Amino acid sequence: MKCFIDTNVLVYWVDGGPRADTVEKLLAGNAAISVQVLNEFANVLIKKRAMPLADVMALTQTLIDVCEVFDLSVRTHQVALQLMAQYKFSLYDANIVAAAGLSGCSVLYSEDMHSGLNVRMPEQGGGGVLSIQNPF
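To convert, note that position 72 of the sequence shown is 1205 in my numbering; the numbers rise steadily by one, no gaps.
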């Protein structure tokens, strides 16, 4: 089963401890992320963790190597706007949900989105159901 991993989950990967172990297991599976997730991840590590850029580059390259990475597109944007209207997501969360749905994932792991919510993707977004789950 392919799963999509949100930025807030990936940040625990660099913290160590039991949550980092959980993220390692997710990454070892059939994991997907988007370019937006890569950008947000790098931003958090640089701005909030004061991590050196070389370390951030190494970590993001590892994610690129082990995950299927989806580009953002006009279609992602359009589906995100539809999801905002239907589910009241913020624009950035809606783009994550849209990318997850468009990538063919059935689960989106996120710590701060509505855990347990089953999102019915619009027809333009594949029409399937995406389950949002807190992996912790």
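A virtual CB, placed ideally from N, CA and C, is assigned to each residue, including glycine. No experiment lies behind these values; they were computed from the predicted model shown.
Does any residue of chain C have a CB that is nearer than 8 Å to the CB of residue 1267? No chain C is part of this structure, which consists of one protein chain only.
Inside the segment 1174-1252 only - alpha helix (DSSP H) runs reaching at least 4 residues: Taken in chain order, the unbroken stretches of alpha helix (DSSP H) that lie wholly in the segment 1174-1252 and span 4 residues or more are 1186-1199, 1207-1220, 1224-1235.
Spatial distance of residue 1193 from residue 1256 (CA atoms): On the sequence shown, residue 1193 is found 60 positions in, with the first residue counted as 1. On the sequence shown, residue 1256 is found 123 positions in, with the first residue counted as 1. Distance between the alpha carbons of residue 1193 and residue 1256 is about 32 Å.
Report all residues from its chain with a CB closer than 7 Å to the CB of residue 1209; omit the five preceding and five following residues, and keep chain order. By 1-based counting over the sequence shown, the position of residue 1209 is 76. Residues of the same chain with a CB within less than 7 Å of the CB of residue 1209, apart from the 5 flanking positions on each side, are 1228, 1231, 1232, 1235 in chain order.
Cα-Cα separation, residue 1225 to residue 1203: Numbered from its first residue, the sequence shown carries residue 1225 at position 92. Numbered from its first residue, the sequence shown carries residue 1203 at position 70. Cα to Cα, residue 1225 sits roughly 15 Å from residue 1203.
With residue 1163 as the anchor, note down where its beta strand (DSSP E) starts and where it stops. In the sequence shown, residue 1163 corresponds to position 30, counting from 1. Taken as a continuous stretch (DSSP letters only), the beta strand (DSSP E) holding residue 1163 covers 1163-1167.
Between which two residues does the alpha helix (DSSP H) holding residue 1142 run? Residue numbering aside, residue 1142 sits at position 9 when the sequence shown is read from its first letter. From DSSP, the alpha helix (DSSP H) with residue 1142 extends over 1140-1143.
Is there contact between the segment 1140-1148 and the segment 1174-1182, where contact requires at least three CB pairs shorter than 8 Å? With a cut-off of 8 Å, the segment 1174-1182 and the segment 1140-1148 count as touching, because enough Cβ pairs lie within range.
Nearest-angstrom Cα distance between residue 1179 and residue 1265? Here residue 1179 refers to the residue found at position 46 when the sequence shown is read from its first residue. Here residue 1265 refers to the residue found at position 132 when the sequence shown is read from its first residue. Distance between the alpha carbons of residue 1179 and residue 1265 is about 27 Å.
On the CB-based measure, 16 or more other CB atoms within 10 Å of its CB, does residue 1254 come out buried or exposed? Start at 1 with the first residue of the sequence shown, and residue 1254 comes out as number 121. By the 10 Å Cβ count, residue 1254 comes out buried.
Whose CA, out of 1145, 1146, 1134, lies closest to the CA of residue 1164? Position 31 of the sequence shown, counted from the first residue, corresponds to residue 1164. Residue 1134 is the option with its Cα nearest to residue 1164.
Can you have a look at residue 1241 and say buried or exposed, based on whether 16 or more other CB atoms are within 10 angstroms of its CB? Translated into positions along the sequence shown, residue 1241 becomes position 108. Buried, by the Cβ-count rule.
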